[in-house]
Each structure stands twice: as C-alpha cells, then as structure tokens.
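Residue numbers (my numbering): -9 to 352.
Cβ atoms here follow ideal geometry from the backbone N, Cα and C, with glycine treated the same way.
Below is one structure, written out as structure tokens, with a few remarks after it.
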C-alpha cells in the first residue's frame, strides 16, 4: 500500500526531516541516472512537421521522473515516515497510470481521441472515489456545487491541467521547469497548511524533475515526452484537489492550482479560442501557441523562452502560496485580477508576433 503522510510514527528509525531530505536526494539522483540511461537506450522521437526540434531525440525522461518519485516513496516507507492516506496514494496511482498512457503514446501514437477518452475515464474515477471539491469560494461566499457537479468539475480540472501542460511541452525546459516550480510551491503551501502527505509527494515530484531537467535544458538531449508531462501534471492536479478538500479551502485554496499554472493555462485557452474562431481543428497538432511563434518568428532560444516562463510561473506560484494569508472571499478576486492581466499580456504579445508573421497555422 502506498503511504502518504510524512509524519513521524512511534518507534520510527529515522527522524522525519532526515528521511525526507534523503528521499528528495534519492528521487533527484535516481531520475538523473535513469535519464542518462534513457538518453542512450530509450525510445526516440523523430522530428515532426509541427514540432520545434529538427533531429531525432530520446524521449524516455518521463519514465525516469516516475522512477525517481517511486523510489523516494519507497525510501520513506522503509524508514517508517509515512502513514496511509487513500486520496494521496490514489493521486500517485492516477499519475502513474497517466504516465503509462503517455509512455505508450510516446512509443506508438494512440491518437488524440483515444488518449483523451482514457484521461477522462481516469479523472472521473479519481474524483468520484478519492478527492473532489464540492464548493467554490467566491466574493459573495461559498458556492455549493454538490457531489455530481463536484465530480465532473474536479475531473475536468485534472483533464484540463494534464492536457495544458502536455500542449506546452514543446520547448526545452519549459514545461518541466514550470512543473518543478508549481509542485515545489504546492509542497510548501501544503506543508504550511498541515497537509504533510500532499507536501511530501509534491516535493518528491519536484526533486525528480530537477534530476531530469539538466538533460533537457540546455542541449535538448532528451525529452520528458507525454509520459513525463502527463505524470507530473496529473499528480499536481490531483494533489491540489486533496489539499483543497471538499470545501475548496483546506490546507490550500482550490484557486492555488489555476493561479500557479496561469501562464500555461492562458496560452492554451487563448490559442484554442483563436483556432475555434477560425474553425481550425482543435485536436490536431499545430504551431499556433504563442510560445511556439515566439521561438519561430522572434528567433528566440529555448533557454531564453523557458527562463521567461519560469520567472512568471515562479511569481504566480508565490502569489498562490500567499493566498493562504488573504481572506477567503478575496481569493477568487485575486485570481480574476491575475487572469485579466495574463490575458492582456498574451494579447499584446500575440499581436506583436502576428505583425511579424501574420499567417496562422492550421
């Protein structure tokens, strides 16, 4: 049974802080070694017409991240620093299944519809059985959602985050670095709120991502692939639900998740909206994302782009942690203000980029 709460147990052999530090180091080192192996022996991703890479590249980094997290959990279990919690354990199980789905897609293209159907099934099962939010805090007080809408809304949250991060995983370091920051921030926020199981698992995932990242940026020697993007993003989404609780305002606020990932979510939704207006296929591969056009049209480097995204994501993650200090009624307002600013910045950059290359892809 996968344990989850990083609380010292009576008779524990190793102090909790030491065990957690050791597990984080193990997660990072295992991910590093496993990524090195995958560079030479893993599956290879051939260049695609809509991609931003021009040479065959290994794509097994996501499996290395999953392996690092798993061994970190095993180490904490061996030192008796974890207690069982079904929602947190199930969050790791959900992420592992999502990662496996991505790994299969990395090797053999499953097609967007089949992959989306599998994601929806997994997300609905998790929300129905383990963790969902049944109320949403607003300026006018809590908005009751009830169990049915709570399951559907929570499942939608998981699917949206999973695909948004995967859509944005086209530039070296961009998505992996963003997920390291958001998972690390969730770990800190959950720890401050007393959700030690969520904190431990989030920090392990961030540590494993750190072990992988240097192999991806600089140089692009390996991709995390769908396996890594789906694993890390679904884990983050599920853990946010666990930490927020049924009320949406538990150890962290439900608004923590969309605020921390606001940069990635804004680009995805604005891009899909623009394509919908042109009646372009929404599920087909393309180069319409702002980050893609920024690289192609503006001639920027992957590192330069990723550092910008990391900077904005880091600021928003700190703001998300700070939501815990704000009155509950104001948290949705803070998110709304940040969303309006993000959309405005996106539109300005989009207009500047299209003035250089006004022809959209289909």
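Smallest Cα separation from residue i: which of the options?
{"i": "residue 126", "options": "318, 330, 340 and 335", "result": "318"}
{"i": "residue 174", "options": "211, 223 and 214", "result": "223"}
{"i": "residue 115", "options": "105, 251, 84 and 92", "result": "84"}
{"i": "residue 195", "options": "182, 172 and 181", "result": "172"}
{"i": "residue 219", "options": "159, 64, 140 and 313", "result": "159"}
{"i": "residue 228", "options": "278, 149 and 293", "result": "149"}
{"i": "residue 62", "options": "326, 200 and 10", "result": "10"}
According to DSSP, which residues form a beta bridge with residue i?
{"i": "residue 125", "result": "134"}
{"i": "residue 48", "result": "34 and 212"}
{"i": "residue 243", "result": "239"}
Here's the rule: buried if 16 or more other CB atoms are within 10 angstroms of the residue's CB, otherwise exposed. What is residue i?
{"i": "residue 49", "result": "buried"}
{"i": "residue 269", "result": "exposed"}
{"i": "residue 424", "result": "Residue 424 cannot be examined here, being either before or after the span of the chain that is shown, -9 to 352."}
{"i": "residue 68", "result": "exposed"}
{"i": "residue 204", "result": "exposed"}
{"i": "residue 2", "result": "With a pLDDT of 42 at residue 2, under the threshold of 50, the predicted position of this residue should be treated as unreliable, though the coordinate-derived value follows. Answer is exposed; the Cβ neighbour count stays below 16."}
{"i": "residue 251", "result": "buried"}
{"i": "residue 341", "result": "exposed"}
{"i": "residue 8", "result": "exposed"}
{"i": "residue 304", "result": "buried"}
{"i": "residue 330", "result": "exposed"}
{"i": "residue 334", "result": "exposed"}
{"i": "residue 107", "result": "exposed"}
{"i": "residue 31", "result": "exposed"}
Are the Cβ atoms of residue i and residue j separated by less than 7 Å?
{"i": "residue 89", "j": "residue 246", "result": "no"}
{"i": "residue 356", "j": "residue 202", "result": "This structure cannot settle anything about residue 356, because the visible part of the chain is limited to -9 through 352."}
{"i": "residue 21", "j": "residue 58", "result": "yes"}
{"i": "residue 96", "j": "residue 209", "result": "no"}
{"i": "residue 232", "j": "residue 78", "result": "yes"}
{"i": "residue 207", "j": "residue 163", "result": "yes"}
{"i": "residue 332", "j": "residue 256", "result": "yes"}
{"i": "residue 338", "j": "residue 299", "result": "no"}
{"i": "residue 155", "j": "residue 165", "result": "yes"}
{"i": "residue 17", "j": "residue 197", "result": "yes"}
{"i": "residue 249", "j": "residue 325", "result": "yes"}
{"i": "residue 281", "j": "residue 168", "result": "no"}
{"i": "residue 243", "j": "residue 313", "result": "yes"}
{"i": "residue 301", "j": "residue 241", "result": "no"}
{"i": "residue 101", "j": "residue 217", "result": "no"}
Return the chain-ordered ranges of every beta strand (DSSP E) run that is complete within the region 67 to 126 and spans a minimum of 3 residues.
None, since the region 67 to 126 contains no complete beta strand (DSSP E) of that length.
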